[in-house]
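So the structure is just underneath, and the comments pick up after that.
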Amino acid sequence: MSRRLSSQLQRKFPEDVYCEKHLELVQSFCVDDQILLCGQCFHSQEHENHLVCGVQEAAGVYRKLFQEILNTLKEKLEVAKSILADEQERMVMIQGEEQDFKEMIESEYRIRFRLMVEEMNFRSLQDCIFNPKLREDHLNQVLAFATELKGQSQETLQRLNDLGKENMNKLKESEGRLSGHICSLQKMTVELEKKCGKYTLMVLQNAGSSLKRSESLLLQCLEQAQITDLSLCQVTGMSRMLKVLQRAVTLDPKTANPCLVLSEDLRSMHLRNVQQDVPHSPGRFVFSATVLGVESFTSGRHYWEVDVEKATKWQLGVSEDSASRHGDLPTTSGNKVLLMGSLMGTNYTFWAFPPLKRVSLRGEQMHKVGVFLDCESGQISFYDVANRSLICNFSSLTFQGALKPIFSLCIPSGVTNSDSLSICLPPVSSCDVTVSPQSSLA
Ligand SMILES: [Zn+2]
Ligand SMILES: [Zn+2]
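Mapping the sequence shown onto the UniProt record's numbering, position 45 (from 1) lands on 45, and the numbers just tick up by one.
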């Protein structure tokens, strides 16, 4: 039998495979041990009770099995490559995000410093300080505040820097892990392709080991690195000076979209599901549920607060009031800077424009949004008033002409929508500000 099998092997399979132990040509395959057997092996005690089959039969089974594994390996290789590409893209992205965040923190502290100096001047003027001793005290206070602000700014930037590094390390680690995995998958693919090549016996050589290694490769999970959101470095606190700068903005009925109903005092707006008849006005918004403020700003610093609690989709910000603006016709819509909020279930998402980008925030609830405009430095900032923190800001903007507050809701599409926005009134006595190092940032 041994001779018959070996002569068969020699005829059908051009490759000669010898048993390493007995140096005889192999003839059969032990299914239990997943190895090729020569005549001596076959008759040995070791395989006495094992399931043994002919090489051709075994080769057929293993070829099919390896083909299947090969297909899965190739699929997994594609997945791994695409995750690797994502990780590499994220590395570039988080660097850009970190830079944006850094600029946001720096410009917020620049503004806080300016507001602080203004607050001090405001205090001095109010108190009519001509006393050199008091003036010196004020100067010392300014210096103390400046040091405090600088410390806070550096601390926030350091936190951002640490978080950025930590995230980058996680991504680099993930990149290394994925590259290694891709390399192993490629090696395994080459090995199995060779195995399933033209020589039948090849497929059975070290079949057990190949099977084990490819199975363990396929079992490995491919995961993206979990990185921490930069919103952890949110700038907290708000300048007290904002309360002094707070304006009693009113809504301009001549610009209101017909689906908006304005309150009598022109401080709030809500959606009406049926459009109302309104007199023609060249500045009226036709396509969006938008209205402008009556106030027009060309210089100085201004701040207003808007209650957004009763709106599920809103936009707030500042719009250029160009003379050529006719409603919201796309060609003459003018420049806008907006913060947009959208509530889906209990999840709030925020977007800022321009350019349109997602704002990541820790707080989920939004009650009041503060809008700060500094015409001279081209700064617009949005604050979460309840949480007393910065949402996002825009700096070094250039404006053409006067700027007006802008407010939008989402035009209802069939379903009843009772969204409303209202402008908050400034504190009664905006001059009643007490100054102490602790209270400059409440
Ligand atoms: Zn042998
Ligand atoms: Zn065996």
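Where a beta carbon is used, it is the ideal one built from N, C-alpha and C, also for glycine.
Assuming LEU397 and VAL306 are in contact, meaning their beta carbons sit under 8 Å apart, how far apart are those beta carbons, in whole angstroms?
For the purposes of this step, residue 397 is taken as residue 397 along the sequence shown, with counting starting at 1. For the purposes of this step, residue 306 is taken as residue 306 along the sequence shown, with counting starting at 1. Not really, about 20 Å apart at Cβ, beyond 8 Å.
Minimum C-alpha distance to ASP419 - residue among ALA311, SER231 and ARG240
Here residue 419 is taken as the residue at index 419 of the sequence shown, counted from 1. Nearest C-alpha to ASP419: ALA311.
Which of helix, strand or coil does DSSP assign to LEU356?
Position 356 of the sequence shown, counted from the start, is the residue given in the question as residue 356. Reduced to three states, the DSSP call for LEU356 is coil.
Contact check, LEU266 vs LEU251 under 8 Å by CB: the rounded distance?
What you label residue 266 is simply residue 266 of the sequence shown in a count that begins at 1. What you label residue 251 is simply residue 251 of the sequence shown in a count that begins at 1. 5 Å between Cβ atoms; contact.
Assigned exposure category for ASN417 - 16 Cβ within 10 Å defines buried:
Residue numbering aside, residue 417 sits at position 417 when the sequence shown is read from its first letter. Classification for ASN417: buried.
As an exercise, report each continuous beta strand (DSSP E) stretch of at least 3 residues that is fully enclosed by the region 277 to 348, in chain order.
289 to 292, 301 to 307, 313 to 320 and 336 to 344
Can you say whether MET269 is buried or exposed, counting buried as having 16 or more other CB atoms within 10 angstroms of its CB?
The residue given as residue 269 occupies position 269 in the sequence shown. Flag for MET269 reads buried.
Alpha carbon to alpha carbon, how far is ALA352 from SER333? Give it in angstroms, no decimals.
As a first step, residue 333 must be located in the sequence shown, where it is residue number 333. As a first step, residue 352 must be located in the sequence shown, where it is residue number 352. With a pLDDT of 45 at SER333, under the threshold of 50, the modelled position of this residue cannot be trusted; read the value that follows with caution. Whole-angstrom Cα-Cα distance: 17 Å.
Taking the C-alpha atoms as reference points, what is the distance between GLN123 and VAL294?
Indexing the sequence shown from 1 puts residue 123 at position 123. Indexing the sequence shown from 1 puts residue 294 at position 294. According to the sequence displayed, residue 123 carries Arg and not Gln. Spanning the two alpha carbons is a distance of roughly 30 Å.
Distance CB(SER389)-CB(THR236) smaller than 8 Å
As a working note, residue 389 is residue 389 in the sequence shown. As a working note, residue 236 is residue 236 in the sequence shown. Against a cut-off of 8 Å, the Cβ pair of THR236 and SER389 comes out as a contact.
Cβ shell of VAL392 (< 6 Å), same chain only, five flanking positions each side left out:
Taking the first residue of the sequence shown as position 1, residue 392 is located at position 392. One point to set straight first is that residue 392 is Cys, not Val, in the sequence displayed. Within the same chain, CYS392 has close Cβ partners ALA352, VAL359 and PHE382.
Am I right that THR228 and GLU166 are in contact with their C-beta atoms under 8 Å? What's the rounded C-beta distance?
Counting from one through the sequence shown, the residue named residue 228 turns up at place 228. Counting from one through the sequence shown, the residue named residue 166 turns up at place 166. Sure, about 7 Å apart at Cβ, within 8 Å.
Hey, would you say the C-beta of GLU24 is under 7 Å away from at least one heavy atom of ligand 1?
Counting from one through the sequence shown, the residue named residue 24 turns up at place 24. Yes, the beta carbon of GLU24 sits closer than 7 Å to at least one heavy atom of ligand 1.
What do you reckon, are the CB atoms on VAL17 and LEU36 nearer than 8 Å?
Here the question's residue 17 lines up with position 17 in the sequence shown. Here the question's residue 36 lines up with position 36 in the sequence shown. A contact, by the Cβ cut-off of 8 Å.
Can you determine whether any heavy atom of ligand 3 sits closer than 7 Å to the C-beta of LEU204, and answer yes or no?
As for ligand 3, it is missing from this structure, which binds only ligand 1 and ligand 2.
Proximity winner among SER288, LEU84 and HIS22, relative to SER44 (alpha-carbon distances):
Your numbering for residue 44 matches position 44 in the sequence shown. Here the closest residue by C-alpha is HIS22.
Do GLY378 and PHE399 count as a contact pair if the criterion is CB distance below 8 Å?
Reading the sequence shown from its first residue, position 399 is the one you call residue 399. Reading the sequence shown from its first residue, position 378 is the one you call residue 378. In contact: PHE399 and GLY378 (Cβ atoms closer than 8 Å).
Between the Cα of residue 458 and the Cα atoms of MET120, ASN169 and ASN131, which residue gives the shortest distance?
Outside the modelled stretch of the chain, which goes from 1 to 442, sits residue 458, for which no answer is possible.
Based on Cα-Cα distance, which residue from GLU48, GLU264, PHE287 and ARG247 lies nearest to GLN275?
Along the sequence shown, read from residue 1 onward, the residue named residue 275 stands at position 275. The candidate whose alpha carbon is nearest that of GLN275 is PHE287.
Would you say CYS183 touches ligand 1, meaning its beta carbon is less than 7 Å from a heavy atom?
Position 183 of the sequence shown, counted from the first residue, corresponds to residue 183. No; taking the cut-off as 7 Å, the Cβ of CYS183 has no heavy atom of ligand 1 nearer than that.
Helix, strand or coil at LYS21 [DSSP, three-state]:
Position 21 of the sequence shown, counted from the start, is the residue given in the question as residue 21. Three-state DSSP puts LYS21 in coil, outside helix and strand.
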